[in-house]
Amino acid sequence: MSSMVIFILGSVIAERGIGAHYSGKRFVIELVGYAMPDGRSSRGKIVCIINANIALRGWWLLSNKVELTTAAVIANGIVFLTGYRVFRGANKQKHVFKKNPKAPIWGRPPKVIGGKLLASGYWGIARHCNYLGDLLVASSFSLPCGISSPVPYFYPVYLLILLIWRERRDEARCAEKYREVWAEYCKLVPWRILPYVY
């Protein structure tokens, strides 16, 4: 549960600070913003799916008296920390690039396609690498529940479907907006979310 606290606090800091995860049209269109910490969107609509799932997994662990081995706790911690680092790191790189396109990424000058698209750091690995981080974090919240039931895995499955839908929508928009620059970026970075798989 401590990983959930870290993720929620990170969301609050990001939204108020760098805004890396909570910027853009997405939060106007999809009616979210502060959805992770308190369940309300920026327009006042109730978005409870994330909060309900946080409670669901905690309830599942308590009611099923799940006992994890030290190795399982460590493995799950690695999944969480890897996902968190990719998620926050990718969003921060995107935010920094938007503010200063010449700022170094991982200690090197950024590779920029057509003067508009970042193809360095996480964004040189996959076109929507932040989604991979988000999926790893969501999975790490469910993995401690074991595999005896699909119920605790509702949120990671829901998120996978949402992010693939969003990725495809974004791909179509970027192809229309950037045209040949986007085609060049796709050749340079062929993976959408998960390198060597998708």
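Everything in the sequence shown is counted per the working numbering, starting at 1019 for the first residue and increasing by one.
Just so you know, even glycine gets a beta-carbon here, dropped at the ideal spot from N, CA and C.
Predicted model only: the values in this text are computed from it and were never measured.
Using only the alpha-carbon positions, how far apart do residue i and residue j sit?
i, j, result
"LEU1099", "ALA1108", "14 Å"
"PRO1162", "PHE1105", "20 Å"
"TYR1040", "LYS1110", "Confidence at TYR1040 is low in this model, with a pLDDT of 46, below 50, so its placement is unreliable and the value that follows should be read with caution. Each residue's alpha carbon lies about 11 Å from the other."
"TYR1102", "ARG1075", "19 Å"
"TRP1077", "VAL1169", "11 Å"
"LEU1153", "GLU1085", "24 Å"
"TRP1209", "VAL1091", "30 Å"
"TYR1173", "GLY1151", "15 Å"
"VAL1155", "CYS1204", "26 Å"
"GLY1132", "ILE1182", "26 Å"
"ILE1179", "TYR1149", "11 Å"
"LYS1120", "LYS1112", "12 Å"
"ARG1187", "PRO1122", "29 Å"
"ILE1165", "TYR1171", "9 Å"
"TYR1196", "TRP1141", "16 Å"
"HIS1146", "GLU1185", "7 Å"
"ARG1126", "THR1087", "41 Å"
"LEU1212", "VAL1175", "15 Å"
"GLY1079", "ALA1089", "Per the sequence presented here, residue 1079 reads as Leu, with Gly not at that position. In a straight line, the C-alpha of LEU1079 is about 17 Å away from that of ALA1089."
"GLY1042", "VAL1130", "Residue placement at GLY1042 cannot be trusted, given a pLDDT of 49 that sits under 50; what the coordinates show is reported in the next sentence. Straight-line Cα distance between these residues: approximately 21 Å."
Let me see if you follow: with CB-CB separation under 9 Å, is residue i close to chain D or not?
i, result
"LEU1180", "Among the chains of the structure shown, chain D does not appear; only one protein chain is present."
Is it buried or exposed, residue i, if we count other Cβ atoms within 10 angstroms and call 16 or more buried?
i, result
"ASN1082", "exposed"
"GLY1037", "Because the pLDDT of GLY1037 is 46, which lies under 50, any placement of that residue in the model is unreliable, and the question is left without a value."
"PRO1128", "buried"
"TYR1214", "exposed"
"TRP1124", "exposed"
"LEU1177", "buried"
"TYR1216", "exposed"
Based on DSSP bridge pairs, tell me the residues matched to residue i.
i, result
"ILE1123", "ARG1126"
"ILE1179", "Its beta-bridge partners do not exist; DSSP assigns none."
"ILE1131", "LEU1135"
With a Cβ-Cβ cutoff of 9 Å, do residue i and residue j count as a contact?
i, j, result
"VAL1097", "SER1158", "yes"
"VAL1207", "ALA1144", "yes"
"ALA1201", "ALA1193", "yes"
Touching by the beta-carbon criterion (3+ pairs, under 8 Å), the stretch 1136 to 1153 and the stretch 1111 to 1121: Yes: at least three Cβ pairs fall under 8 Å.
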